[in-house]
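The opening position of the sequence shown corresponds to residue 428 in the working numbering, with each subsequent residue numbered one higher.
To start, the structure itself, in structure tokens.
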Amino acid sequence: MIRLLVADDSALMRKLLGGIFAAEGDFEVAFARNGREAIEAHARFVPDVVTLDVTMPELDGLACLDAIMQARPCPVVMLSSLTAEGAEVSLDALARGAVDVIAKPAGAVSLDIDRLAPLIVRKVRAAARARPPS
Numbered sequence: 428m429i430r431l432l433v434a435d436d437s438a439l440m441r442k443l444l445g446g447i448f449a450a451e452g453d454f455e456v457a458f459a460r461n462g463r464e465a466i467e468a469h470a471r472f473v474p475d476v477v478t479l480d481v482t483m484p485e486l487d488g489l490a491c492l493d494a495i496m497q498a499r500p501c502p503v504v505m506l507s508s509l510t511a512e513g514a515e516v517s518l519d520a521l522a523r524g525a526v527d528v529i530a531k532p533a534g535a536v537s538l539d540i541d542r543l544a545p546l547i548v549r550k551v552r553a554a555a556r557a558r559p560p561s
């Protein structure tokens, strides 16, 4: 089983991602609604991999990424509508220790997320196999 922590302030996105990974059959998924909850869940749940939204209340994804890398590094995939490939925030996240960045859909999320599901699953699986950053 791959232990995955999904941190996203959108209840819809948490539900959609949870459904994608539940359908895979080999993921145990925990959820966080903001950066502070993600840090607490990271300590309690001890995930193999984390997906982080960039824009979250209380503590944004980049600050949360920093806290995770300081406390107990593990592979982190940034998943956000703000992280289109090549964007400054993407490069910043990678420099801070994220192993990958995926641009999540905006707008008709449920339709686009189904299209992106294979890519998301493939990248999260690859991240789970990655060595934690040092």
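No residue lacks a Cβ here, since even glycine has one placed at the ideal position from N, Cα and C.
- Going by C-alpha positions, Val516 is about 31 Å away from Met428.
- Nearest to Ser507 by C-alpha distance, out of Leu543, Ala555, Ala553 and Phe448, is Leu543.
- Per DSSP, reduced to three states, the secondary structure at Glu455 is strand.
- Nearest in C-alpha terms to Ala522, of all of Ile547, Arg499, Ile447 and Leu492, is Leu492.
- In this structure, the alpha-carbon of Asp527 lies about 8 Å from that of Ala520.
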